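Those protein sequences? They're chains F and C, same order as listed.
Using this note's numbering, read the first sequence as starting at 1 and increasing by one per residue.
Using this note's numbering, read the second sequence as starting at 1 and increasing by one per residue.
Ideal placement from N, C-alpha and C gives every residue a C-beta, glycine not left out.
Only a predicted model underlies this, so the values are computations on that prediction, with no experimental measurement involved.
Protein chains: 2
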Amino acid sequence: MLNPEDPLSLKLAAFVTLSSAEHQALARLRRRRRTFAAKREIILEGQRSLSAFIVESGWACSFKLLPEGERQIVDFHVPGDVLGLRSILLRRSDHSVEAVTPVKASEVLIPDLLACFSQAPRIATAVLWAAARDEATVVEHLVDLGRRSAEARVAHYLLELGARLKLVGKGDDTGFGCPLKQHYLADALGLSPVHVNRVLRRLREDGLVTFQNELVSFNDFERLKDLAGFIPDYLDQDGPLL
Amino acid sequence: MLNPEDPLSLKLAAFVTLSSAEHQALARLRRRRRTFAAKREIILEGQRSLSAFIVESGWACSFKLLPEGERQIVDFHVPGDVLGLRSILLRRSDHSVEAVTPVKASEVLIPDLLACFSQAPRIATAVLWAAARDEATVVEHLVDLGRRSAEARVAHYLLELGARLKLVGKGDDTGFGCPLKQHYLADALGLSPVHVNRVLRRLREDGLVTFQNELVSFNDFERLKDLAGFIPDYLDQDGPLL
DNA sequence: CGATCAGTTGAGAATGGTCAAATTCGGTGG
DNA sequence: CCACCGAATTTGACCATTCTCAACTGATCG
């Protein structure tokens with residue numbers, strides 16, 4: 001039942017063991033496929049939101065723009081992530097989302113999503129659980145920006161991306177595929193692209209991690225975790241809860 | 001039915017018009033009163049969470065500690081806020097919460113909370129709405145840390161606190177009561193206490209805002225908003241939705 | 001073979017941090 | 001009432017991290 005063509009089921013399986021009826025309910029949400037070219041907007045800040053999106057393939061990022069044009073990336077989104085949940089309740093999106101790479105996503109009309117949740121409450125719970133974990137990663141990101149030096153910040157962020165991807169089978173302790181350019185990292189970490197470049201060079205020269213050719217390689221996982229103060233409790237998950 | 005003794009109902013009233021049965025359901029959640037002295041921990045990071053808390057009076061803050069002892073405050077919590085919702089799903093709290101001033105709070109056992117939600121689904125929706133708004137403020141806070149200068153950061157944060165308190169009737173465009181010490185602001189804004197002090201002095205000398213005697217006074221609201229790039233869309237709420 | 005975009009490197013400037021020393025202020029005990 | 005204590009705030013001097021600007025390299029793609 002589980003296959004990499006259905007990354008959302010794959011992710012939720014960490015939380016609930018889905019019945020075949022539940023698998024079918026999820027499958028019904030995935031009928032309206034859309035594709036977005038790299039750099040295309042998927043959700044616009046301020047937009048009245050009528051649908052959510054399930055990322056099927058590719059990476060996206062959510063961000064806010066400041067009046068003077070700087071941007072702050074709030075999070076990156078990978079296959080299995082659900083976009084636009086918060087704006088269902090707030091009625092309009094408080095941030096924008098754009099495709100980093102070409103993205104395939106399922107567009108889910110809000111009424112269809114709510115119908116799915118009421119027919120299959122365990123799916124609702126599992127999706128809320130995923131949203132809670134996403135929120136925990138945003139909080140950790142906040143700590144990155146507020147209290148970590150540029151080096152620890154970069155190191156911590158790469159470790160966290162790695163840990164998140166590991167959970168969906170797209171990476172391990174040696175590294176992960178990563179389509180991000182340095183300027184995306186800069187916008188996520190509140191640093192200038194130039195400084196990100198210098199920090200990456202230092203981390204590379206110290207034999208800790210390399211960020212090259214769309215590939216992040218952890219060369220000394222332990223020392224890197226140490227430098228970053230990485231304690232991934234907030235991502236831990238001991239297996240299905242329901 | 002609405003009275004300042006029940007700040008949660010007051011807040012949720014912005015989202016739903018509560019029936020008297022719903023008021024009673026909420027009242028049943030508020031029977032187990034607890035008090036916390038200033039600086040006492042209310043929730044401990046890593047703690048297996050068995051209950052949530054509704055803040056009845058006083059201010060609290062949620063934060064994370066780094067290995068070297070620095071701390072990053074994630075958010076301040078005022079009467080009407082619900083603490084510990086996320087850890088219901090994650091099973092253990094990913095952050096600590098401590099009382100800033102003496103706090104009175106209602107402890108709500110998770111099963112009681114879930115029972116309330118299933119008996120009164122509109123309350124569940126309204127609480128989720130409040131949680132979504134809290135999350136939006138954390139995101140805005142992330143932007144503060146990532147992309148705003150110290151001055152804009154302090155200005156923006158004070159404006160945001162003011163806007164949040166205005167929504168629950170505890171402030172207006174001229175200012176608000178604020179029990180925070182400068183070092184709390186520093187831990188929230190990722191700045192050193194010394195620098196917070198200097199920035200507050202500059203803002204005061206420029207006639208923009210004063211932060212003294214537990215009182216924040218906006219002396220030039222328009223110019224302050226301009227300096228901060230403050231656009232409070234994410235907090236706007238046009239009246240009851242349900 | 002330009003053109004463009006990502007990545008690199010250097011030099012100098014700026015923002016914000018650290019350390020240390022007052023000063024103020026609200027209690028508290030005498 | 002007054003002296004004293006500790007916590008919070010304020011200020012100065014100096015330092016470090018990170019930014020900005022600018023130039024240059026290298027790859028990719030029509």
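Selected residue, minimal CA-CA separation from residue i, among the options
i: F:V16; options: F:C61, F:A120, F:L85, F:S62; result: F:A120
i: C:R204; options: C:F221, C:L189, C:D94, C:L191; result: C:F221
i: F:E151; options: F:S192, F:A21, F:V103; result: F:S192
i: F:A60; options: F:E41, F:R31, F:R71; result: F:E41
i: F:P246; options: F:V55, F:I73, F:L85, F:A13; result: Nothing in the structure corresponds to residue 246 of chain F, since chain F is present only between 1 and 242.
i: F:A188; options: F:S9, F:L12, F:R91, F:K64; result: F:K64
Secondary structure of residue i, DSSP reduced to three states
i: F:D94; result: coil
i: F:E205; result: helix
i: F:V83; result: According to the sequence shown, residue 83 of chain F is Leu rather than Val. Correct three-state label for F:L83: strand.
i: F:Q119; result: helix
i: C:G162; result: helix
i: C:V199; result: helix
i: C:L215; result: strand
i: F:E41; result: strand
i: C:R147; result: helix
i: F:I110; result: helix
i: F:L191; result: coil
i: C:E5; result: coil
Exposure of residue i, with buried meaning 16 or more beta-carbon neighbours within 10 Å
i: C:A27; result: exposed
i: C:R33; result: exposed
i: F:V97; result: buried
i: C:R153; result: buried
i: F:D233; result: exposed
i: C:L113; result: buried
i: C:S87; result: buried
i: C:H156; result: buried
i: C:K181; result: exposed
i: F:G146; result: buried
i: F:P7; result: buried
i: F:L200; result: buried
i: F:A126; result: buried
i: F:A37; result: exposed
Straight-line Cα distance separating residue j from residue i
i: C:D75; j: C:L224; result: 22 Å
i: C:A99; j: C:S57; result: 10 Å
i: C:I123; j: F:L128; result: 16 Å
i: F:V143; j: F:F230; result: 11 Å
i: C:L109; j: C:A52; result: 6 Å
i: F:H77; j: F:S62; result: 8 Å
i: F:E214; j: F:F176; result: 9 Å
i: F:Q47; j: F:E107; result: 15 Å
i: F:S93; j: C:A132; result: 11 Å
i: F:A186; j: C:E22; result: 47 Å
i: C:A163; j: C:D173; result: 8 Å
i: C:Y184; j: C:K39; result: 11 Å
i: F:E68; j: F:G190; result: 15 Å
i: F:S49; j: F:H141; result: 25 Å
i: F:L29; j: F:A115; result: 10 Å
i: C:L208; j: C:N197; result: 15 Å
i: C:G84; j: F:K166; result: 27 Å
Residues bridged to residue i [DSSP beta-bridge criterion]
i: F:F221; result: None; F:F221 has no bridge partner.
i: F:C61; result: F:F76, F:E98
i: F:T17; result: The partner list for F:T17 (beta bridge, DSSP) is empty, contrary to what the question assumes.
i: F:A105; result: F:R34, F:V55
i: F:D172; result: F:G175
i: F:D210; result: The sequence shown places Thr at residue 210 of chain F, rather than the Asp named in the question. Partner(s): F:S217.
i: C:R71; result: C:L65
i: C:R48; result: C:R92
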